[in-house]
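Numbering (this note's numbering), first residue to last: 227 to 901.
One structure is given below, encoded as structure tokens.
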């Protein structure tokens, strides 16, 4: 049995998990923001070292490598993507994501937006086609001003993309691929077929903006693997919950792929215990990501926010708070503030001794004694307590007139409040008695009790892989793609299933072609329909998403039930009018090797014994708290707080009044102790 390798890049650390049979090893390396292929390569090396073999020997016997990355996210934040030219329908130039107020630099410069004289009706009937002269004039103007890629986003192209395709053909005929002057041309209709012109413009622009850098780095990562004897395919995590090879990856699908993987992992953990509803919480170095699983399905955002830009490409719903281990604490107008700014990987928290001088959540935790400065990352990194104290004293304690320890406690309390209230909001419509948090991220277990207490949720599950959970969850991803077609079919008594059947068959053919490109046979494929249904005449374009089996429209009773469900959900949203099937999606997937959660078993033991104590500061002063090695906890072990549980990559802080129990899967469940 060969290896499987999964890697996830975060803002501070890059995590890896390598599996061979039931043998699982995890690693962490510092993220290299200047070039994420460097930390990707270093993580591969660390995986080999964990098995005490050469990289070449490991990769030569590796079945699959999956990579969830933040290249696209970083590109948007840092504004170092491709220089774009944007062609829109004349009169719609103001929809371009150009400079507005004191916002960051634009994705498209104001002088790189051109309006094109063309008209497509709201029902998709061409009324005035663009001329070749007008198209080439616009394209030449944008290229002369420095555009290195062109985005074409015309009004109503989601209903009929013919004008956008004509524009691309005209540009490509003038600038063939074999000319040095050739530029990539991206169409909005290829990325999104949903209503909302401004949102489609944003979606298309973001996809093109991050495309160049993402393609360059991902192909480089794949080439690095091949040079080190890997003979398989590098698969890239997508925000639809599947993975695909680089050549079949659309750039915007990689946005938030790591948090998406984590949400799917949380769902898998919930299934182990029969919890249909789960809150996933990922506290890393930069952010705190919250996801929700309802009735066994991960929440999907139909109107996603991508770094402040409203988009209409459906993706897994993740809410990110600026609350991580590297979140910077400050005093603003006499009040303590934590985040959203982060110290990141470089320079990192002050205690990392890499040049950082501003206090962070990690600095507060080391001052409070919650982190062992000599055992951070299993002793691979030393934390400088004196630098942490100095940073907190200068920037927090003195301005607020506090002792250093009280200031550190206030930092932890503030970040806990933010996260706990965020989780409570996410769980507002769920029965908390039938709900569990799956907590992860390098800093997650340290704050898990406080988050659960503030959110009012009774149980939290921590896996042995909490510190590398998104990488662990990536190992559960199958290969898959999601396709959409615009239909606008009324779901009334005159419903004709023929357009729906034709759209499904067309998408199946496309899916089979793409999956052949992934090296997968048609017989291994599984399909699911996504139905995007709105109300006739709803000016806000609100929709509900329903899931169905292929061919569901052929079963009159099942189809009628789906229509009734859509009518009820639209009514709850305040949408009136008869339901209309706006778009149909087809999700195709094929199984790949991944870790088997149910097969993991914890060893039996004689009970937990502390390895020592650590002085921890709390509201009533310093106390000696027992410390337990996580590796020594066996199935059936129960520990009552206060206690600390150290592992190589994270620390669990068990507050007084809470207990933790290790189960047969080697997971640890935190719950309120019986009074």
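Positions of the beta carbon are idealized from the N, C-alpha and C atoms, including for glycine.
All of these numbers come straight from a predicted model, not from anything done at the bench.
Starting from the C-beta of residue 705, find all residues in its chain whose C-beta is less than 7 Å away, skip the five residues before and the five after it, and write them out in chain order. Same-chain partners within the cutoff: 461, 468, 469, 470, 744, 746, 815, 816, 818.
Under 8 Å between C-beta atoms of residue 850 and residue 841: Yes. Within cutoff.
Rounded C-alpha distance that separates residue 344 from residue 397: Per the coordinates, the alpha-carbon of residue 344 lies some 16 Å from the alpha-carbon of residue 397.
If you measure between the beta carbons of residue 413 and residue 394, is that distance less than 8 Å? Yes. Within cutoff.
DSSP bridge partner residues for residue 894 (one or two, in chain order): In the DSSP output, where bridge partners are listed per residue, residue 894 has 688, 888.
Report buried or exposed for residue 496, applying the criterion of at least 16 other Cβ atoms within 10 angstroms of its Cβ. Flag for residue 496 reads buried.
Ordered along the chain, which non-local residues of its own chain (more than five positions away) have a Cβ less than 6 Å from that of residue 533? The residues are 302.
Leaving aside the five residues before and after residue 444 along the sequence, list all residues of the same chain whose C-beta is less than 6 Å from its C-beta, in chain order. For residue 444, where only same-chain residues beyond five positions count, the Cβ hits under 6 Å are 472.
Rounded straight-line distance, which links the Cα of residue 551 to that of residue 507: The straight-line gap from Cα to Cα measures roughly 14 Å.
In the segment 255-343, which residue ranges form an unbroken alpha helix (DSSP H) of at least 4 residues, counting only runs that do not cross its ends? Complete alpha helix (DSSP H) runs here, min 4: 262-276, 281-286, 297-304.
Taking the continuous alpha helix (DSSP H) assigned at residue 649, which residues delimit it? From DSSP, the alpha helix (DSSP H) with residue 649 extends over 630-652.
Out of 674, 664, 685, state which residue places its alpha-carbon closest to the alpha-carbon of residue 695. Selection 674, 664, 685 evaluated against residue 695 yields 664 as nearest (Cα-Cα).
Quick check: the Cα distance between residue 662 and residue 684, rounded to an integer number of angstroms? Each residue's CA atom was taken as its position, placing residue 662 and residue 684 some 7 Å apart.
Beta-carbon within less than 8 Å of residue 239's beta-carbon, same chain only, minus the 5 sequence neighbours each way: which residues are those? So the list reads 254, 255, 256, 257, 510, 511, 571, 668, once near-sequence residues are dropped.
Between which two residues does the alpha helix (DSSP H) containing residue 673 stretch? Boundaries of the alpha helix (DSSP H) around residue 673: 670-681.
According to the neighbour-count rule (16 or more other Cβ atoms, all chains shown, within 10 Å of its Cβ), is residue 666 buried or exposed? It is buried - the Cβ of residue 666 has at least 16 other Cβ atoms within 10 Å.
Does residue 805 come out as helix, strand or coil in the three-state DSSP assignment? Look at residue 805 here: in three-state DSSP terms it is strand.
Of the residues 559, 545, 601, 586, which one's Cα is nearest the Cα of residue 615? Checked all of 559, 545, 601, 586; the closest Cα to residue 615 is 586.
By DSSP, does residue 608 sit in helix, in strand, or in coil? Residue 608 falls in the coil class under three-state DSSP.
From residue 765 to residue 348, what does the alpha carbon distance come to, in whole angstroms? Going from the Cα of residue 765 to the Cα of residue 348 covers about 13 Å.
Residue 439 burial status per 10 Å Cβ neighbour count (16 or more: buried): It counts as buried.
Starting from residue 562, trace the beta strand (DSSP E) in both directions and tell me its first and last residue. DSSP places residue 562 inside the beta strand (DSSP E), whose first and last residues are 561-568.
For the segment 445-510, which segments carrying the beta strand (DSSP E) assignment without a break, of at least 3 residues, lie completely within its bounds, in sequence order? The segment 445-510 contains these whole beta strand (DSSP E) runs: 460-463, 469-471, 503-509.
Using CA coordinates, which residue listed in 653, 600, 562, 682 is at the minimum distance from residue 577? Ranking the options by Cα distance to residue 577, first place goes to 600.
Return the residue from the list 895, 311, 637 that minimises the CA-CA distance to residue 364. For residue 364, the closest of 895, 311, 637 by C-alpha to C-alpha distance is 311.
Residue 421 by DSSP, collapsed to three states: which one? Residue state, collapsed to three classes: coil.
Between the beta-carbon of residue 688 and the beta-carbon of residue 893, is there less than 8 Å? Residue 688 places its beta carbon less than 8 Å from that of residue 893.
What is the DSSP secondary structure of residue 437, reduced to helix, strand or coil? In this structure, residue 437 counts as helix in the three-state DSSP scheme.
Nearest CA to the CA of residue 399: which residue from 248, 362, 375? Closest option to residue 399, Cα to Cα, is 362.
What is the C-beta distance between residue 295 and residue 480, in whole angstroms, given that I count them as a contact (C-beta under 8 Å)? Taking the Cβ atoms as the reference, residue 295 lies roughly 6 Å from residue 480, within the contact range of under 8 Å.
State the Cα-Cα distance for the pair residue 449 and residue 458, rounded to the nearest angstrom. Our two residues, residue 449 and residue 458, have alpha carbons roughly 11 Å apart in a direct line.
Report buried or exposed for residue 846, applying the criterion of at least 16 other Cβ atoms within 10 angstroms of its Cβ. By the 10 Å Cβ count, residue 846 comes out exposed.
Go to residue 701, then tell me how far its alpha helix (DSSP H) extends in each direction, as first and last residue. Careful: residue 701 lies outside any alpha helix (DSSP H) and carries neither H nor E.
Given this structure, state the Cα-to-Cα distance separating residue 410 from residue 726, to the nearest angstrom. Approximately 32 Å between the Cα atoms of the pair.
Bridge partner(s) assigned by DSSP for residue 709: In the DSSP output, where bridge partners are listed per residue, residue 709 has 812.
Is the segment 751-770 touching the segment 781-800 in the sense that three or more CB pairs, one from each, lie closer than 8 Å? Three or more beta-carbon pairs separated by less than 8 Å link the segment 781-800 to the segment 751-770, which places the two stretches in contact.
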